[in-house]
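Engineer:
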């Protein structure tokens with residue numbers, strides 16, 4: 059049985075800002091990656107919120123892999139920024155959308171270099 063916690067924020071000073079964060083034995087309602095870079099989020103169960111499950115605004119080189127993001131009132135995953143990767147995740151039962159990824163600079167014609175691969179959206 060996973061333990062439950064409402065919100066996991068990587069932006070807090072006492073949490074990892076670089077490296078890998080694993081969610082092996084926890085069930086999280088939301089994950090917020092504001093202000094982090096060069097982080098891998100792996101194996102999280104992110105479920106049951108009225109908002110977005112995983113929000114990564116202004117993310118840089120963040121990898122989200124092998125997570126289950128389900129039962130959210132808004133989007134499952136929102137990833138905005140540069141050099142990010144969304145790999146082998148399951149996103150299901152969301153109210154507004156499954157996965158939203160954006161990045162780059164349109165006026166300067168710079169690409170975002172984001173990768174979305176092997177995810178299942180249902």
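Residue numbers (the working numbering): 59 to 180.
For each residue, glycine too, the CB sits at the ideal point set by N, CA and C.
All values reported here derive from a predicted model rather than from experimental measurement.
By the three-class DSSP mapping on this structure, what secondary structure does residue 112 have?
Structural biologist: Taking the first residue of the chain shown as position 1, residue 112 is located at position 54. Three-state DSSP puts residue 112 in a strand.
Engineer: Would residue 172 be called buried (16 or more neighbouring beta carbons within 10 Å of its own) or exposed?
Structural biologist: Reading the chain shown from its first residue, position 114 is the one you call residue 172. The residue is buried, with at least 16 neighbouring Cβ atoms inside 10 Å.
Engineer: Residue ranges of each beta strand (DSSP E) run of no fewer than 3 residues wholly in the segment 112 to 146, ordered along the chain?
Structural biologist: 112 to 123, 126 to 130, 133 to 140 and 143 to 145
Engineer: Considering only their Cβ atoms, is the gap separating residue 146 from residue 111 smaller than 8 Å?
Structural biologist: Translated into the one-based positions of the chain shown, residue 111 becomes position 53. Translated into the one-based positions of the chain shown, residue 146 becomes position 88. No, the pair does not count as a contact, with Cβ atoms beyond the cut-off.
Engineer: Run through the DSSP bridge pairs and tell me what residue 155 is partnered with.
Structural biologist: Position 97 of the chain shown, counted from the first residue, corresponds to residue 155. Partner(s): 133.
Engineer: Starting from residue 96, trace the beta strand (DSSP E) both ways and give me its first and last residue.
Structural biologist: For the purposes of this step, residue 96 is taken as residue 38 along the chain shown, with counting starting at 1. Where residue 96 is concerned, the enclosing beta strand (DSSP E) stretches over 95 to 100.
Engineer: Span of the beta strand (DSSP E) holding residue 164?
Structural biologist: Counted from its first residue, the chain shown places residue 164 at position 106. First-last for residue 164: undefined, no H or E at that position.
Engineer: Assign residue 166 to one of two classes, buried (16 or more other C-beta atoms within 10 Å of its C-beta) or exposed (fewer than that).
Structural biologist: For this step, residue 166 is matched to residue 108 along the chain shown. Under this definition residue 166 is an exposed residue.
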